[in-house]
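S.K.: Before I ask anything, here is the structure I am working with.
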Amino acid sequence: MPLVKLKNITKFFPPNILANDHINLEVNVGEIHAILGENGAGKSTLMKILYGMLQPDEGEIYIDGRKVTFRSPRDAMKYGIRMVHQHFMLIENHTVAENIALGMRTSIVNPLKEVKRRIREVSDSYGLKVDPDDYIWQLSAGEKQRVEILRALIDDVRILILDEPTSILTPNEVEKLFEVLRRIRDSGKTILFVTHKLKEVFQISDRVTVLRKGRVIVTKETSETCEEELARLMIGEIAVNGINSNKSNYSGNGVVLEVEDLHVLNDKGVTAVKGVNFKVRSGEIVGIAGVAGNGQRELVEAIVGLRRAVRGRIRILNRDVTKASVLDRLKLGLAHIPEDRIGAGVVPRLSIVDNILLTRYFEKTFTLNSIIINYGKIREATREVISRFNVKASDISMPASTLSGGNIQKLIVGRELSKNPKIIVAVHPTYGLDIAASSYIRRMIIDAGNKGAGVLLVSEDLDELIEICDRIMVMFEGRIVGEFSRESFEPHTIGLLMAGIGGG
Amino acid sequence: MVKIRIYVRRRVRTSLKVKIVSASLSTLAAVVAIVLMFHVLGVDPLYAFNRIYMASLGSYYGISETITKSIPLLLCGVGLAVAYKAKVWNIGAEGQLLMGAIVSGGLALFTPLPPQLAIPIIFLGGFIGGALWALIPAVLKAKFQVNEVITTLMMNYIAERILLYLVYGPWRGKEVWGFPFTSRIPSYARLPVVPGTRIHYPTLIIGLVSAVLLFFMLSRTTIGFKVRVIGESIRASNYAGIEYSKIVILVMIISGGLAGLAGAGEVAGIQHMLRKGISPGYGFTAIIVAWLGNLNPLLVIASSLLIASILVGGDAIQISIGLSSAFINLFNGTILIFLLLNYFLSEYEIIVRR
Ligand SMILES: Nc1ncnc2c1ncn2[C@@H]1O[C@H](COP(=O)(O)OP(=O)(O)OP(=O)(O)O)[C@@H](O)[C@H]1O
Ligand SMILES: [Mg+2]
Numbered sequence: 004m005p006l007v008k009l010k011n012i013t014k015f016f017p018p019n020i021l022a023n024d025h026i027n028l029e030v031n032v033g034e035i036h037a038i039l040g041e042n043g044a045g046k047s048t049l050m051k052i053l054y055g056m057l058q059p060d061e062g063e064i065y066i067d068g069r070k071v072t073f074r075s076p077r078d079a080m081k082y083g084i085r086m087v088h089q090h091f092m093l094i095e096n097h098t099v100a101e102n103i104a105l106g107m108r109t110s111i112v113n114p115l116k117e118v119k120r121r122i123r124e125v126s127d128s129y130g131l132k133v134d135p136d137d138y139i140w141q142l143s144a145g146e147k148q149r150v151e152i153l154r155a156l157i158d159d160v161r162i163l164i165l166d167e168p169t170s171i172l173t174p175n176e177v178e179k180l181f182e183v184l185r186r187i188r189d190s191g192k193t194i195l196f197v198t199h200k201l202k203e204v205f206q207i208s209d210r211v212t213v214l215r216k217g218r219v220i221v222t223k224e225t226s227e228t229c230e231e232e233l234a235r236l237m238i239g240e241i242a243v244n245g246i247n248s249n250k251s252n253y254s255g256n257g258v259v260l261e262v263e264d265l266h267v268l269n270d271k272g273v274t275a276v277k278g279v280n281f282k283v284r285s286g287e288i289v290g291i292a293g294v295a296g297n298g299q300r301e302l303v304e305a306i307v308g309l310r311r312a313v314r315g316r317i318r319i320l321n322r323d324v325t326k327a328s329v330l331d332r333l334k335l336g337l338a339h340i341p342e343d344r345i346g347a348g349v350v351p352r353l354s355i356v357d358n359i360l361l362t363r364y365f366e367k368t369f370t371l372n373s374i375i376i377n378y379g380k381i382r383e384a385t386r387e388v389i390s391r392f393n394v395k396a397s398d399i400s401m402p403a404s405t406l407s408g409g410n411i412q413k414l415i416v417g418r419e420l421s422k423n424p425k426i427i428v429a430v431h432p433t434y435g436l437d438i439a440a441s442s443y444i445r446r447m448i449i450d451a452g453n454k455g456a457g458v459l460l461v462s463e464d465l466d467e468l469i470e471i472c473d474r475i476m477v478m479f480e481g482r483i484v485g486e487f488s489r490e491s492f493e494p495h496t497i498g499l500l501m502a503g504i505g506g507g
Numbered sequence: 019m020v021k022i023r024i025y026v027r028r029r030v031r032t033s034l035k036v037k038i039v040s041a042s043l044s045t046l047a048a049v050v051a052i053v054l055m056f057h058v059l060g061v062d063p064l065y066a067f068n069r070i071y072m073a074s075l076g077s078y079y080g081i082s083e084t085i086t087k088s089i090p091l092l093l094c095g096v097g098l099a100v101a102y103k104a105k106v107w108n109i110g111a112e113g114q115l116l117m118g119a120i121v122s123g124g125l126a127l128f129t130p131l132p133p134q135l136a137i138p139i140i141f142l143g144g145f146i147g148g149a150l151w152a153l154i155p156a157v158l159k160a161k162f163q164v165n166e167v168i169t170t171l172m173m174n175y176i177a178e179r180i181l182l183y184l185v186y187g188p189w190r191g192k193e194v195w196g197f198p199f200t201s202r203i204p205s206y207a208r209l210p211v212v213p214g215t216r217i218h219y220p221t222l223i224i225g226l227v228s229a230v231l232l233f234f235m236l237s238r239t240t241i242g243f244k245v246r247v248i249g250e251s252i253r254a255s256n257y258a259g260i261e262y263s264k265i266v267i268l269v270m271i272i273s274g275g276l277a278g279l280a281g282a283g284e285v286a287g288i289q290h291m292l293r294k295g296i297s298p299g300y301g302f303t304a305i306i307v308a309w310l311g312n313l314n315p316l317l318v319i320a321s322s323l324l325i326a327s328i329l330v331g332g333d334a335i336q337i338s339i340g341l342s343s344a345f346i347n348l349f350n351g352t353i354l355i356f357l358l359l360n361y362f363l364s365e366y367e368i369i370v371r372r
């Protein structure tokens, strides 16, 4: 008997989105079951239904063969179901222990000391390293996720749902996560693992279910299938592999971004960027490779104006902007695809239209005398972004929070690229995107370069950097420790430099 | 044992049906509670309701009094709505109103105003007085991250003390027999009223126009857009290059200035002098007015009338039934609780189950 059985689950979002269409799914005890599908396939919706956050319009859920009805996550938790969401749900100004105590089901009165003891106990047994006294805002994405997982494990969990847990992690952190997941499975628990990355299906899962356009296409033993087959099932047709990067020549073009002897502090007041120098020319795509936490975030924030430089200069289009405001830099033609898409890149409760306006409200085309907003024009621009970047949205006056994770990312990237920017600072532009969308976004970035934009691309995905960059710089502990031009890309050496080995 | 669990969660959108149901439920609950209160006091509830109704909405005089009292609530309320939209918690409308009253009163009493321009100058003075008073906490917040809840609240008391100092001291009138009043302002500095009422319509018109303009500002202008973004997410506003301090200062000037206009209206339209107790807490009541209007300036017009009618009705039972002022506070408070209940029911959903 399967542990979980979903029968004919159907979920309709008015006016016209059938997010789940008669879904049947069986999950066995002690397996890691991957749910694979493109952006907007309905993965999060299905998981939220199993977790009681959404109620299906039709269909039934069986746990241990008994029919259950979940009206809220509380009900699902009673059956030992826990979910770690695509976006973090932690309170930044509280400590790890406080956050975990808040989410605990076991009792209302839980002295913090007791909670901390449990945290240590659980984190030791699964190898999840966290310090209960750290504040959430001090943590990296990987650490935050560990807290989320710990929070799920601390009550007796039987079924752990992870919604795209790897999209915000560094390759190294992904490895560590997988180790933890295997341990969790080996202790007899069941894991539902949502992803759109084929590679991960094979690394971690025992069985896999492919979703496409709200329907189950197939459920298979992972060992009995291969990447090509799954890709075909997931996308529906064979993906156009590789992209023809007809890159035009940029040499001899003017410099659009110049950074000179830049020093920047991090949140804890420690120097995180230690004397960085580089130039980006019009039409050039420059990659910054590096493991997260080596100063990339601080570098990007200094360039876009969100963080003060303590020493050095930043020039945009030959203008010194070291002390200029974010707005001044945006007005010079800077586009920024931020790392934190939900927290900074969109305003979830405002409409999709207002979210397109977010970085364009000062443009002459969208306003009368930069006072009155021309909503007609901005709606037009919204429709254009949505159709050009294939954002799946039913109604542009709905809050942005109704979009799926990948579609939010497409909306942000689309908004920034369609501004015809002169400089693009892109941080993980393809995070959370499926294969088709990722390669489309990469092509759009190359296009922007061909149109004359200079691109600074920060990513931990070396394959992505090698695919589209003209030049790659490796950042380690706040310094540029290596630089490679397209003719001399050496993935192996770059990898070593990222890890702090070699160079000099 | 059967366990009953109650969950509360925020609605994504509120449908019209939910709004109607929640309004009816809250009204019903309020009526029941008030009937009980009258019953306990041995007053015939029907008689009391009749008095309240006649005094507030059921007579020409009642309506005119309701409108009169709604004027300061409207001006303070729409300003606060804009500030709260940006999540700037201005609790200081009362003090800003008093400062507006002091400045406009001072101008009317002690400066030789050209009679034709007296009224515009008095309004302008009121606006500036309130705006400057709000500017202090605004700058403290924008530049030094000082929590505005504390500063605006405290500045209410400072403003009140200044007013008391003036009316007990240097500004006390010569012919007021020891009352804490100033002399009366010259007649050319007084606002015209709708004949037979106390409705000083210039202030009312300013209030209505402000509400419409602010509604337009919030929904259709770049400034309003910035206010909405800041109110939802400061991080997103930083990312978008929205200058937080400028918006904080702007919304404080708007809400302080409008509260100051309310003060000018009370001086030039109602009291015709400065005096102790010139405002019975309009600036505080306006906080509820703003929320009840869902922070929407157009709805604030309605909520200011509603709250004003409650205030007038409360006064009426005090006078005609002879209930103590403590009971009036209880009465007003009860109604406010049920108004907030309505707000809560329409914004959140409650799930009860076993
Ligand atoms: N609350 C909602 N209101 C309206 N539409 C919604 C809502 N939630 C999800 N949708 C729509 O349902 C579809 C499926 O969304 P879902 O979040 O399940 O996708 P997903 O498979 O998790 O995709 P991703 O990989 O991008 O996260 C999308 O088209 C999305 O826009
Ligand atoms: Mg999703």
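Protein chains in written order, with my numbering: chain D, 4 to 507; chain U, 19 to 372.
Ideal Cβ positions, reconstructed from N, Cα and C, are used throughout, including at glycine.
Could you work out which residues of chain U lie near Val349(D), taking near to mean beta carbons separated by less than 9 Å?
M.R.: Position 346 of the first sequence, counted from the start, is the residue given in the question as residue 349(D). Simply Ser251 and Ala254.
S.K.: Val212(U) lies in the alpha helix (DSSP H); which residues open and close that run?
M.R.: Within the second sequence, numbered from 1, the residue matching residue 212(U) stands at position 194. Careful: Val212(U) lies outside any alpha helix (DSSP H) and carries neither H nor E.
S.K.: Rounded to whole angstroms, what's the CA-CA distance from Asp207(D) to Ile84(D)? Just pull it up for me.
M.R.: For this step, residue 207(D) is matched to residue 204 along the first sequence. For this step, residue 84(D) is matched to residue 81 along the first sequence. The sequence given here places Ile at residue 207(D); Asp does not occur at that position. Those two C-alpha atoms are separated by around 20 Å.
S.K.: What would DSSP say about Asn68(U), mapped onto helix, strand or coil?
M.R.: If you number the second sequence from 1, residue 68(U) lands on position 50. Helix.
S.K.: I want to check one thing, is the minimum distance from the CB of Thr368(D) to the heavy atoms of ligand 1 below 6 Å?
M.R.: Position 365 of the first sequence holds residue 368(D). No, since every heavy atom of ligand 1 falls outside the 6 Å radius drawn around the Cβ of Thr368(D).
S.K.: Is Lys147(D) a contact residue of ligand 2, with contact defined as CB to any heavy atom under 6 Å?
M.R.: Translated into positions along the first sequence, residue 147(D) becomes position 144. False, no ligand heavy atom lies under 6 Å from that Cβ.
S.K.: How would you write the range of the beta strand (DSSP E) that Val461(D) sits in, first residue to last?
M.R.: Looking up residue 461(D) in the first sequence gives position 458. Taken as a continuous stretch (DSSP letters only), the beta strand (DSSP E) holding Val461(D) covers Gly457 to Ser462.
S.K.: Enumerate, from N- to C-terminal direction, the unbroken alpha helix (DSSP H) stretches of 4 or more residues contained entirely within the region 15–99 of chain D.
M.R.: Counting whole runs of 4 or more residues, the region 15–99 of chain D contains the alpha helix (DSSP H) stretches 46–53 and 76–81.
S.K.: Note down the Cα distance separating Ala22(D) from Glu63(D), rounded to an integer number of angstroms.
M.R.: The residue labelled residue 22(D) in the question sits at position 19 within the first sequence. The residue labelled residue 63(D) in the question sits at position 60 within the first sequence. Between Ala22(D) and Glu63(D), the C-alpha separation is close to 16 Å.
S.K.: Hey, out of Gly191(D), Lys380(D), Thr212(D) and Ser190(D), whose CA is closest to Lys200(D)'s CA?
M.R.: Stepping through the first sequence from its first residue, residue 200(D) is reached at position 197. Lys200(D) has its Cα closest to that of Thr212(D), out of Gly191(D), Lys380(D), Thr212(D) and Ser190(D).
S.K.: Return yes when the C-beta of Ser407(D) is under 6 Å from any heavy atom of ligand 2, and no when it is not.
M.R.: Position 404 of the first sequence, counted from the first residue, corresponds to residue 407(D). Yes, Cβ of Ser407(D) sits closer than 6 Å to a heavy atom of ligand 2.
S.K.: Beta carbon of Phe392(D): closer than 6 Å to some heavy atom of ligand 1?
M.R.: Stepping through the first sequence from its first residue, residue 392(D) is reached at position 389. Not under cutoff, so the answer is no.
S.K.: Quick one: does Tyr15(U) have its CB under 7 Å from some CB of chain D?
M.R.: Here chain U has residues from 19 to 372 only, and residue 15(U) is not among them.
S.K.: Strictly under 7 Å for the Cβ-Cβ distance: is Gly379(D) near chain U by that measure?
M.R.: Residue numbering aside, residue 379(D) sits at position 376 when the first sequence is read from its first letter. Answer no: the Cβ-Cβ gap between Gly379(D) and chain U never drops below 7 Å.
S.K.: Taking the beta strand (DSSP E) that His495(D) falls in, what are its first and last residues?
M.R.: Here residue 495(D) is taken as the residue at index 492 of the first sequence, counted from 1. Note, His495(D): premise wrong, no beta strand (DSSP E); alpha helix (DSSP H) at Pro494 to Met501.
S.K.: Answer with yes or no whether the minimum CB distance from Gly259(U) to chain D is below 7 Å.
M.R.: Looking up residue 259(U) in the second sequence gives position 241. So, interface residue.
S.K.: Which residues of the region 223–243 of chain U have a Cβ closer than 7 Å to any Cβ of chain D? Give them in chain order.
M.R.: Those would be Arg238, Thr239, Thr240 and Phe243, in chain order.
S.K.: Confirm, please, whether the CB-CB distance from Ala99(U) to Leu341(U) is below 7 Å.
M.R.: Locating residue 341(U) in the second sequence gives position 323, where the first residue counts as 1. Locating residue 99(U) in the second sequence gives position 81, where the first residue counts as 1. No, the Cβ-Cβ distance between Leu341(U) and Ala99(U) is not below 7 Å.
S.K.: On the three-pair Cβ rule with 8 Å, is the region 265–280 of chain U touching the region 153–167 of chain U?
M.R.: They touch, by the three-pair rule.
S.K.: Quick one: grab the DSSP three-state call for Ser237(U).
M.R.: Taking the first residue of the second sequence as 1, we reach residue 237(U) at position 219. In the structure shown, Ser237(U) sits in a helix (DSSP, three-state: H, G or I).
S.K.: DSSP on Thr193(D), reduced to helix/strand/coil?
M.R.: On the first sequence, position 190 is the one that residue 193(D) refers to. Three-state result, Thr193(D): strand.
S.K.: Taking C-beta to C-beta, are Asp437(D) and Glu41(D) nearer than 7 Å?
M.R.: In the first sequence, residue 437(D) corresponds to position 434, counting from 1. In the first sequence, residue 41(D) corresponds to position 38, counting from 1. Contact: yes.
S.K.: For ligand 2, any of its heavy atoms closer than 6 Å to the Cβ of Gln89(D)?
M.R.: Position 86 of the first sequence, counting from 1, holds the residue named residue 89(D). Within the cutoff, so yes.
S.K.: Could you tell me which chain D residues have their CB closer than 7 Å to the CB of Arg246(U), listed as they occur along the chain?
M.R.: Taking the second sequence and counting its residues from 1, one reaches residue 246(U) at position 228. Here the neighbours are Leu353.
S.K.: Contact criterion: CB-CB distance below 7 Å. Does Leu370(D) meet it with respect to chain U?
M.R.: Your numbering for residue 370(D) matches position 367 in the first sequence. Reading off the sequence shown, one finds Thr at residue 370(D), where the question assumed Leu. True, the Cβ-Cβ gap to chain U drops below 7 Å.
S.K.: Count the other C-beta atoms from every protein chain shown that fall within 10 angstroms of the C-beta of Pro138(U), then say buried if there are 16 or more, exposed otherwise.
M.R.: The residue you call residue 138(U) lines up with position 120 of the second sequence. The residue in question, Pro138(U), is exposed, as its Cβ has fewer than 16 Cβ neighbours within 10 Å.
S.K.: Looking at the structure shown, is Glu166(U) part of a helix, part of a strand, or coil, going by DSSP?
M.R.: Counting from one through the second sequence, the residue named residue 166(U) turns up at place 148. Reduced to three states, the DSSP call for Glu166(U) is helix.
S.K.: From which residue to which residue does the alpha helix (DSSP H) around His57(U) run?
M.R.: Locating residue 57(U) in the second sequence gives position 39, where the first residue counts as 1. Leu34 to Leu59 is the span of the alpha helix (DSSP H), which, as asked, contains His57(U).
S.K.: Which whole-angstrom value is the C-beta distance of Ile426(D) and Leu337(D), which I expect to be below 8 Å?
M.R.: As a position in the first sequence, residue 426(D) is number 423, starting the count at 1. As a position in the first sequence, residue 337(D) is number 334, starting the count at 1. The pair is a contact, with the Cβ atoms about 5 Å apart (cut-off 8 Å).
S.K.: What did DSSP end up calling Leu436(D) once you bin it into helix, strand or coil?
M.R.: Translated into the one-based positions of the first sequence, residue 436(D) becomes position 433. Three-state result, Leu436(D): coil.
S.K.: Among residues of its own chain, excluding the 5 on either side of Ile176(U), which ones have a beta-carbon nearer than 8 Å to its beta-carbon?
M.R.: To locate residue 176(U), count along the second sequence from 1; it is residue 158. If we look at Ile176(U) and ignore the five residues flanking it on each side, its Cβ neighbours are Gly113.
S.K.: What did DSSP end up calling Val211(D) once you bin it into helix, strand or coil?
M.R.: Numbered from its first residue, the first sequence carries residue 211(D) at position 208. Note: Val211(D) maps to strand in three-state DSSP.
S.K.: With a threshold of 7 Å between beta-carbons, can Val133(D) be considered close to chain B, or not?
M.R.: Here the protein chains are D and U, and chain B is not one of them.
S.K.: Quick one: what does DSSP say Lys87(U) is sitting in, helix, strand or coil?
M.R.: Counting from one through the second sequence, the residue named residue 87(U) turns up at place 69. Three-state DSSP puts Lys87(U) in a helix.
S.K.: Using the C-alpha atoms, what's the distance from Ser338(U) back to Gly331(U)?
M.R.: On the second sequence, position 313 is the one that residue 331(U) refers to. On the second sequence, position 320 is the one that residue 338(U) refers to. Using only the alpha carbons, I get a separation of about 10 Å.
S.K.: For a contact meaning CB atoms closer than 8 Å, what does Ser328(D) contact in chain U?
M.R.: Locating residue 328(D) in the first sequence gives position 325, counting from the first residue. Within 8 Å Cβ-Cβ: Gly259 and Glu261.
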